[in-house]
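Protein chains in written order, with the numbering used here: chain A, 11 to 116; chain B, 65 to 176.
Where is the CB? At the ideal position from N, CA and C, for every residue including glycine.
Keep in mind it's a predicted model, so treat the numbers as computed, not measured.
Inspection log for the structure reproduced underneath, given as structure tokens.
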Amino acid sequence: KNEVEQSPQNLTAQEGEFITINCSYSVGISALHWLQQHPGGGIVSLFMLSSGKKKHGRLIATINIQEKHSSLHITASHPRDSAVYICAATGNQFYFGTGTSLTVIP
Amino acid sequence: DSGVTQTPKHLITATGQRVTLRCSPRSGDLSVYWYQQSLDQGLQFLIQYYNGEERAKGNILERFSAQQFPDLHSELNLSSLELGDSALYFCASSVDPGNTIYFGEGSWLTVV
């Protein structure tokens, strides 16, 4: 049983495209995290959400608590956005999605 | 640089052995988290400490143990190692459990 489901698993986009990655969760949460992992392994926290919407540069994250769903949007995608994006639901512990591997082609 | 320091960066050891992974959190952060990332199981949460006390426990095996010391650094002890324990182990820290989490670069463990 997967407490957190992410889609799509893999995504290839042309530079400049608008990208959406989805995350659905089945557990009660206090926050939802979006993480970015580049080749080589380092992980960076992009957003931590408990409600509504957050924006940082070209990245936007939204969460709908009633529907238990969150989305990560990338506007005007760039090759440097190529990475694995992971959502994590946190309640009494962390539950991770399996990640979305994004490749942005110039 | 996240400010979270993990040592060692790479470690190769034999089955049955015991290793200790060390983590120094960002200055001022009281919460420390440990995660395991393997190819077949992805990222998994192991354990969380807050100001020296265990706060949450995830999928941590009985062969594994951790602690957070008074100076807030943390250690993850892995014993009776098996081939399947080969993974990237991340430490992360935050000011408190409700804040942004900062990840270290990870410790690559290879069990042969």
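Practice task
Please compile the residues from chain B whose C-beta is within a distance smaller than 7 Å of the C-beta of residue 104(A).
Solution key: 109, 122
Handout entry: Contact belief for residue 37(A) with residue 107(A) at Cβ below 8 Å, rounded distance in angstroms
Key = Residue 37(A) to residue 107(A), Cβ: 12 Å. No contact.
Exercise for the section: For residue 86(B), name the three-state secondary structure that DSSP assigns. Expected result: strand
Exercise for the section: Leaving aside the five residues before and after residue 27(A) along the sequence, list all residues of the same chain whose C-beta is less than 6 Å from its C-beta, in chain order. Expected result: 87
Handout entry: Beta carbon proximity, residue 85(A) to chain B, threshold 8 Å
Key = no
Handout entry: Same chain only: Cβ atoms within 6 Å of residue 20(A), ignoring 5 sequence neighbours per side
Key = 111
Practice task
Indicate whether the contact test is met: 3 or more Cβ pairs, each with one atom in the segment 135–150 of chain B and one in the segment 88–95 of chain A, closer than 8 Å.
Solution key: no
Problem - Where residue 119(B) falls: helix, strand or coil (DSSP) - result: strand
Problem - Counted within 10 angstroms of its Cβ, other Cβ atoms place residue 175(B) as buried (16 or more) or exposed - result: buried
Exercise for the section: Could you check if residue 3(A) is buried or exposed, using at least 16 other CB atoms within 10 Å of its CB as the buried criterion? Expected result: Missing from the structure shown is residue 3(A); chain A here goes from 11 to 116 and no further.
Problem - Test: residue 70(A) CB closer than 8 Å to a CB of chain B - result: no
Exercise for the section: Would you kindly report the start and end of the unbroken beta strand (DSSP E) that includes residue 71(B)? Expected result: 69–71
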